[in-house]
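These notes are about the structure you will find just below.
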Amino acid sequence: MTSSLEIRETFLKYFEQNGHRRVPSSSLIPFNDPTLLFTNAGMNQFKDIFLGRERRPYTRAATSQKCMRVSGKHNDFKDVGHSRRHHTFFEMLGNFSFGDYFKKDAIHFAWELLTGRYGLDPGRLWITVFREDDEAWDLWHRQEGIPAERILRLDEADNFWTMGETGPCGPSSELHYDFGRSPLPDHGECDLTCPCGRWVEVWNLVFMQFNRDASGRMDPLPSPSIDTGMGLERITTILQGRTSNYDTDLFRPLLDELSGLCGNDYGADPGDDVSMRVIADHARAAAFVVGDGQYPGNDRRGYVLRKILRRAMVHGKRLGIADPFLYRLAGSVIEAMRPAYPELAETRETVARVIRREEESFAGTLGEGLRDFNERAARLKAAGERALPGEEAFFLYDTRGLPLEIIEDLARENGLTVDEAAFARAFETQRERSRRDYASGKIRQEVAQTLFEGTTDFVGYDAAGPVPARIRAIIVDGERAEAVSAGERGELALDATPFYAASGGQVGDTGRITRDGGRARVLDTIYRGTAITHLVEVEEGRLETGDAVTAEVDLAKRRLTMKNHTATHLLQAALRQVLGAHVKQAGSLVTPERLRFDFTHYAPLSPAEIRRVEDLVNGEIWNNSPIATSLMDLEEAMRSGATALFGEKYQEKVRVVEVPGFSRELCGGTHVPATGHIGVFKIVGEGGISAGVRRVEAVTGPAALERFRSDEELIDALQEEGRVPRQEIPALLEKLHGRVRSLERELGELKARSARSAIGDILGAGRDIRGVQVVAHAVPSTDRAGLRTLADELKQKLGSGVVVLGTPQEGKPALVVMVTADLCGKIPAGGVIKRIAPLVGGGGGGKPELAEAGGKDASRLGEALDASYGVIEEMLAGAP
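The sequence shown runs 1 to 880 under our numbering.
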């Protein structure tokens, strides 16, 4: 049997032997491409080449590209598990021609590889072409000898590819494999357009030969290109003699390991098989996404990863797996894939920690969410309903943290559907404002980018000014203008500039642009496409398109920024030495005042670790090491050990900034000539910003000196106020903390005694509702802990009944509901709290016997408590 490793290597080696450059897979996290959530095709990393924006030293390429399809039209998420051929993560084998060969060679390469190197039976391969592509039809028929009856002409929907509404496009040709019979029982003869499973698309060849304009007209491209894609999972299924991707060596070891964890054999139960396929697929996806530096979160990619992990956890619970387990499977994925992706091995510990932490943090929420869903499902089925209302689905999504796809899975298992239209309305209402703001900002960016064409000659490495330049273009209020006058703001593009445009975490330069009779203050410098533009406020006269001007950077601020940028490089190197090689940059901000560095790590830095990092950085500063910069080929720079921002797309020539023997990074920013210019380095903040990502904030030079002075003044004030020597300040603070804790305990005991003294009055004010004793009462002087204690005592006194207590708690009301065990089935505490908490502007939840909530409007506390009687009466009226 041919292994998937051999299949992948055969593909890449075949194209290498045919003059192609073997190009490594790009990251799953697209760099600087907001149109993509994840890399979803082999051509993504070559997009700028196809669009004519970038040139590379090769015209033929072959890749095995990591891909994710979880959103938009390329979205297989819902099918995963239920289908034996769809995945979230997959590998796309592809060969590409950038104005080199075209249809003739592309078709020949595909046929020769499949039938020659892979040895597929030619009689099982069928071809589709675009209905008008006579050239492709003839090449398949006459050049490769395929019978006419096995070449089908299909419409544009099936065999015509476009990058967007406008731009490069062209016909495509697909190769399909015939398994010989349908997996469906009693299924008659069919052709490759039938979705029964007998046929599978193996390879798609895209012939990019036209450019479509806004009117829909298509003109021939001057250099037609080729973009192809073949799923590794599908070709492996065929070559290993299987009919399901999950029966190949890419998945079977994971399924076997999963069987050991849950005690269920794969193939023994159709329902369990769906869950096992979901888990195997999602474990692969999570391992690669986390390995590429993305962690679970609530924004875009982070949420997709969280959704994948949570869906797998739900299916794990269905299989009876109670403890964290996905992190183990992800480790097995890394071990299995390391021959093809050796860089994965470096992330193994990172992947395990990030995934396990997410599993542990979601475990409690998952239990509550499933209980809540099951209660709703039981109620709906008892009432004969067949759809989960969209508003309830949104509550499960927004409050319980269950992604919509998980809710749909659970609904399907219970014979229910989800009202997706109502869910979408609730979701849209919540996000309307943020979407409006984003859209307007995007439009402004696109307008400005089209007005500023070409590139700007940046001369700022060698000179901060004054630099002679000429104004190429002006924008005022989003529109092209011929001039900008005193009191107005606008954007200027120059033919040459010393101003550094914000990028790589470094903020843009400020300064002045002047001419005789005109002066403008530069507020910021940014990129618009490849042009550098200057955001200016004109202070005197006017500036016009075509004017000869002088550009001068605010050198004092530039120098402070340079100190902080070089210090950021030293910081990253020091963090890697102290914490380990898993540390990778996840973001940065370099300003004249301070620096901020985000990086992958899983725990807070200890005081000792912070000191070690500071010592390493300051030691290098005091060495006064010279900073070396050089231009290198990208491959040479990576071989030299230079650190790159993972997922960033670099040109073939890159700038390398090196502190000899300590740090070497790819960087286009501005730096001090030697580390001694930084002066001193001090970390002023450290904390977590998301799962697996930490942030360090630091200051250097004058800002560090100011921080030292501020700290000294604070210590002097404490010393004076406490009337103790500075070395005794910690002991004094501990003594004061102890006294405060003691007083808080005494106050709590006083409040508890006061509340207990009123137990008789509270019980006396209770009501009998359908034979159930219900107490609902406001307790004015206590906190949430005191409320729980009092509620528990009241519950014990009742023996059987419901206790609902509330306290205004200094304007932030709190509610507690307790129900005795004999009544939990009829009056779940969580159900009561969910109905009354919104009246005080809050929300909450809990278990059937105990639920709590907080709110914002203490003035309606009495209304909420009174409402509890009606809620409980409704529950009892509807109870069996």
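Ideal placement from N, C-alpha and C gives every residue a C-beta, glycine not left out.
Spatial neighbours of residue i in its chain, beta-carbon cut-off 7 angstroms, leaving aside the 5 residues before and after
| i | result |
| --- | --- |
| Leu-416 | Ala-377, Leu-380, Arg-386, Ala-387, Leu-388 |
| Thr-63 | Val-23, Ser-25, Gly-42, Gly-94 |
| Tyr-327 | Ala-352, Ile-355, Arg-356, Glu-359 |
| Asp-213 | Thr-166 |
| Cys-824 | Pro-848, Glu-849 |
| Arg-788 | Val-816 |
DSSP three-state assignment for residue i, whether helix, strand or coil
| i | result |
| --- | --- |
| Lys-66 | strand |
| Ser-259 | helix |
| Phe-38 | coil |
| Pro-324 | coil |
| Asp-105 | helix |
| Arg-519 | strand |
| Thr-2 | coil |
| Lys-826 | coil |
| Phe-394 | helix |
| Pro-888 | Not covered by the structure: residue 888. The range shown for the chain is 1 to 880. |
| Gln-585 | strand |
| Ser-332 | helix |
| Thr-399 | coil |
| Phe-427 | helix |
| Pro-122 | helix |
Residues sharing a beta bridge with residue i, DSSP
| i | result |
| --- | --- |
| Ser-173 | Val-129, Leu-205 |
| Val-819 | Val-802 |
| Tyr-527 | Ile-532 |
| Phe-89 | Met-68 |
| Arg-60 | Ser-97 |
| Thr-600 | Val-693 |
| Gln-506 | Ser-503, Val-590 |
| Lys-682 | Val-699 |
| Gly-167 | Arg-212 |
| Thr-228 | Leu-205 |
| Phe-458 | Thr-497 |
| Val-883 | This structure cannot speak to residue 883, because the chain is shown only from 1 to 880. |
| Ala-573 | None, per the DSSP bridge assignment. |
Beta-carbon proximity list for residue i, same chain, < 8 angstroms, skipping 5 on both sides
| i | result |
| --- | --- |
| Trp-653 | Per the sequence shown, residue 653 should be read as Lys rather than Trp. Around Lys-653: Leu-631, Met-632, Asp-633, Leu-634. |
| Gly-390 | Val-418, Asp-419, Glu-420, Ala-421, Ala-422, Phe-423, Ala-424, Arg-425, Ala-426 |
| Pro-466 | Thr-550, Ala-551, Glu-552 |
| Thr-670 | Gly-460, Tyr-461, Tyr-500, Gln-506, Arg-558, Thr-561, Met-562, His-565 |
| Ala-136 | Lys-103, Ile-107, Val-129, Phe-130, Pro-171, Ser-173, Phe-207 |
Unbroken alpha helix (DSSP H) run spanning residue i, endpoints
| i | result |
| --- | --- |
| Leu-494 | Element bounds for Leu-494: not the alpha helix (DSSP H) but the beta strand (DSSP E), 489-494. |
| Glu-552 | Where Glu-552 is concerned, there is no enclosing alpha helix (DSSP H), although the beta strand (DSSP E) it sits in stretches over 548-553. |
| Asp-272 | 270-291 |
| Gly-841 | That residue, Gly-841, is in no alpha helix (DSSP H); it is neither H nor E in DSSP. |
| Met-638 | 634-639 |
| Trp-137 | 134-138 |
| Ser-244 | Where Ser-244 is concerned, there is no enclosing alpha helix (DSSP H), given that its DSSP letter is neither H nor E. |
| Val-304 | 300-318 |
6 angstroms Cβ shell around residue i - same chain, five flanking residues per side excluded
| i | result |
| --- | --- |
| Val-290 | Val-351, Val-354 |
| Ser-800 | Thr-820, Asp-822 |
| Ile-238 | Tyr-177 |
| Gln-65 | Ser-25, Gly-42, Met-92 |
| Gly-511 | Val-522, Glu-552, Val-553, Asp-554 |
| Leu-402 | Gly-369, Leu-396 |
Integer-rounded CB distance, given that residue j should sit under 8 angstroms from residue i
| i | j | result |
| --- | --- | --- |
| Leu-794 | Ile-762 | 6 angstroms |
| Arg-318 | Ser-275 | 5 angstroms |
| Glu-482 | His-569 | Wrong, their Cβ atoms sit about 43 angstroms apart, outside the cutoff. |
| Val-314 | Ile-406 | 5 angstroms |
| Val-696 | Ile-683 | 6 angstroms |
| Phe-207 | Pro-224 | 7 angstroms |
| Thr-456 | Ala-493 | 7 angstroms |
| Asp-133 | Pro-171 | 4 angstroms |
Terminal residues of the beta strand (DSSP E) in which residue i lies
| i | result |
| --- | --- |
| Met-875 | Counting along the chain, Met-875 falls outside any beta strand (DSSP E), though it belongs to the alpha helix (DSSP H) covering 861-878. |
| Gln-773 | 772-778 |
| Val-699 | 693-700 |
| Leu-605 | It is not in any beta strand (DSSP E) - Leu-605 carries neither H nor E in the DSSP assignment. |
| Ala-851 | 850-854 |
| Glu-658 | 653-659 |
Distance cut-off 7 angstroms: residue i Cβ against heavy atoms of the ligand COA
| i | result |
| --- | --- |
| Leu-309 | Absence of the ligand COA from the depicted structure is noted, as is the absence of any ligand whatsoever, leaving it without description. |
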